[in-house]
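In what follows, a structure is listed as structure tokens, so that the remarks can point back to it.
In my numbering, the protein residues as written are 63 to 820.
Here it is as structure tokens:
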């Protein structure tokens, strides 16, 4: 069986297995009881109906209209398949609905209309306006799509956009802004050659003109040749873009000396010889799908100075509409915009262009199996998996709608709006925002014991960009600089300490003397002390102990016991602390969860549990949260008398007396920490009351570690840690393979701890 036939079978199975199709409707309110049903429908539903009848704008308060987009098509121009009809277009429209949901949390009804005449289509959609908060027109052939969109925009008071036109224009505009910046050309002086005169091409040209391009610098070609004013066969949408009589009549002639090629036509229409004749540092956007106007490899073979974008995901710079439409509609819906105007489109394009210049999150590098994606010829627009798109683009669009006067709702607190957007996709990192903000207020010196590592160096760059800390890098300066040069990481001005260089010998002797004094009655000889401090994690701990640094980050390339040992031997425990503990922070959709002890104490006794809980509760308070603590077991409030149950029960009694201001309850099964109704029904005395726990204390290391690892993998929850509790000074040991984002978060936590220690 060929690869194409295998793909065909896989695609058909994907769409048919289980529930046919790709989307379904789910209720958002409880329907478990008869009372629920009486509220959802008769008689209770009459009340919101009456409210809306009296105040029509309340339809946004009592129904899903404000988050509902209609994806509407007649199937006349479906992908590269052409006019295949409304029924055959439905899989595409369902797919569009999936993208709206997963990228911007927008609900969709897809509607496939058997309306081939533009006026019939318009009249049908106009009658649907009460249902939707916005309309996404899709896969309608040109030139009818222009007429349909224009008429609907005049008659509807909700945002409407034909994505095949404007989505491509917005994304390619972002790519154009950055490509021109990289090659140092001005848009008003650039010469453009356009292959294609359909909906997307016309919209692209119009938006490029909005960005500052000059119409006299465009030569547009369709299947019949140069689009010039001498032709009488042009439709009214392309004719305003026609050029005067021109000596360059063919595509090959036009390409000679051109700065930009924009292709939205057919595959393989552009030859390598044509690309070779373009101006210095040419830009080629070959966006025909699935076969571009010229292949990426073929184009690059003739022009090394070329910047190229395609519509394909297997080459750099994919012009993918998913970078735009979910977030454009998100911003438009959130301010209840009456339309999507040019100002909003330009704002989206500029926001995308700006985002591409920022450091790329590690999650994006992982998704594309890259070590270090960075702004440049092969990265001029963001990747679709970038989690920052929803906040960056949606906020820009919403602001543009407000500034241009088409918003009917005003956003007053932009920080809160950004938080709401992030929360829609389970990216609620408000806790870390607090820590990062506090770290920036008074950055501290953080020494990195594993500095000869790409992830560490990328994290250091982000730390510097955000002003979180003052990094000190341990390692061979030449090797660190080589890694930075290879991956375009600018760490100019950062302190690099080569502790193996002869210049460091006096410092090594000082550290060896101090370490020997600390450990000479714990089995270490003078020779062994000298040997230990020559290890990066021991040297880093010594810098912290001698006040040459304020915190340590290590462990990325070492196993956990080896990485934590210097902290215990050199820094030691806080006064009064008997047991150091390890805590993880999990950022769940229901809020932050703190797990202890997940890394150090195998079988803590009652006294240990009390101390672990105290250290964890104090750490939670440093995150600006009230500890709501559940001590977990297999027993609920004395229902069983095994060793772990008794231990957690006794620890609870001690903790409730010692820390009356904290909400502490136990022993209980894990689900009871979150099921408020069940707890109140059966255990009304529980001090958690109507609250859910945010801090979970486990009876032993196995339970804690298993629970944490299962949850972070099965639920795909972002996690931070392990955070060491009880040390005199901040030392944090990263997990093997920690991401750049995790490293940055740990640095911020170390800085805040250093502030507290100070």
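Ideal placement from N, C-alpha and C gives every residue a C-beta, glycine not left out.
Query                                                                                                                                : Result
CA-to-CA distance, residue 230 to residue 474, given in whole angstroms                                                              : 31 angstroms
Beta-bridge pairing of residue 380 - partner residues as DSSP gives them                                                             : 372
Residue from 269, 467, 786, 721 whose Cα sits closest to the Cα of residue 676                                                       : 721
Spatially closest choice to residue 657 from 766, 649, 198, by CA coordinates                                                        : 766
Counted within 10 angstroms of its Cβ, other Cβ atoms place residue 794 as buried (16 or more) or exposed                            : buried
Short CB-CB distance (under 9 angstroms) between residue 347 and chain C                                                             : Considering every chain present, this structure includes no chain C. It has just one protein chain.
Beta strand (DSSP E) segment containing residue 644, residue limits                                                                  : 643 to 650
Straight-line Cα distance separating residue 82 from residue 76                                                                      : 9 angstroms
8 angstroms contact criterion, which residue 160 and residue 84 should meet: CB distance rounded                                     : 5 angstroms
Residue 117, buried or exposed, once every other Cβ within 10 Å from all chains shown has been counted against 16                    : exposed
Distance between beta carbons of residue 410 and residue 455, contact taken as under 8 angstroms                                     : 5 angstroms
Residue 603 classed as buried or exposed, judged by whether at least 16 other C-beta atoms fall within 10 angstroms                  : buried
Cβ-Cβ distance between residue 371 and residue 383 below 9 angstroms                                                                 : no
Given 8 angstroms, three or more beta-carbon pairs between the segment 729 to 745 and the segment 787 to 802                         : no
Cα-Cα separation between residue 209 and residue 468, rounded to whole angstroms                                                     : 22 angstroms
Stretch pair the segment 340 to 351 + the segment 286 to 298: three plus CB contacts closer than 8 angstroms                         : no
Exposure label - residue 628; buried when at least 16 CB within 10 Å                                                                 : buried
Residues near residue 276 in its chain [Cβ-Cβ closer than 7 angstroms; skip 5 each side]                                             : 250
Inter-stretch contact at 8 angstroms, needing at least 3 Cβ pairs: the segment 540 to 549 / the segment 567 to 585                   : no
Check whether residue 849 and residue 660 have beta carbons under 9 angstroms apart                                                  : The structure shown does not extend to residue 849, since the chain is modelled only from 63 to 820, so the question has no answer here.
For residue 460 and residue 394, the rounded distance between their alpha carbons                                                    : 6 angstroms
Continuous beta strand (DSSP E) assignments of at least 3 residues falling wholly in the segment 68 to 145                           : 130 to 135
Neighbourhood of residue 805 by C-beta distance below 8 angstroms, restricted to the same chain and skipping five residues each side : 517, 518, 521, 615, 618, 796
Within 9 angstroms, strictly: CB atoms of residue 332 and residue 346                                                                : yes
Three CB pairs or more closer than 8 angstroms across the segment 806 to 815 and the segment 633 to 641                              : no
Pair within 9 angstroms by beta-carbon distance, residue 194 and residue 101                                                         : no
Whole-angstrom C-beta distance between residue 313 and residue 280, which should lie under 8 angstroms                               : So it is not a contact: roughly 13 angstroms between Cβ atoms.
Extent of the continuous alpha helix (DSSP H) run through residue 694                                                                : Looking at the DSSP string, residue 694 is not in any alpha helix (DSSP H); the run it does join, the beta strand (DSSP E), is 690 to 694.
Cross-strand partners of residue 784 (DSSP beta bridge)                                                                              : None; residue 784 has no bridge partner.
Collapsed DSSP secondary structure at residue 231 in the structure displayed                                                         : helix
Residue of 169, 498, 683 minimising C-alpha distance to residue 526                                                                  : 498
C-alpha distance - residue 666 paired with residue 707, whole-angstrom precision                                                     : 13 angstroms
Collapsed DSSP secondary structure at residue 613 in the structure displayed                                                         : strand
Straight-line gap, residue 809 to residue 493 (C-alpha atoms, nearest Å)                                                             : 15 angstroms
Start-end ranges of the alpha helix (DSSP H) lying completely within the segment 178 to 263, minimum 4 residues                      : 180 to 188, 206 to 217, 225 to 245
Unbroken alpha helix (DSSP H) run spanning residue 541, endpoints                                                                    : 539 to 548
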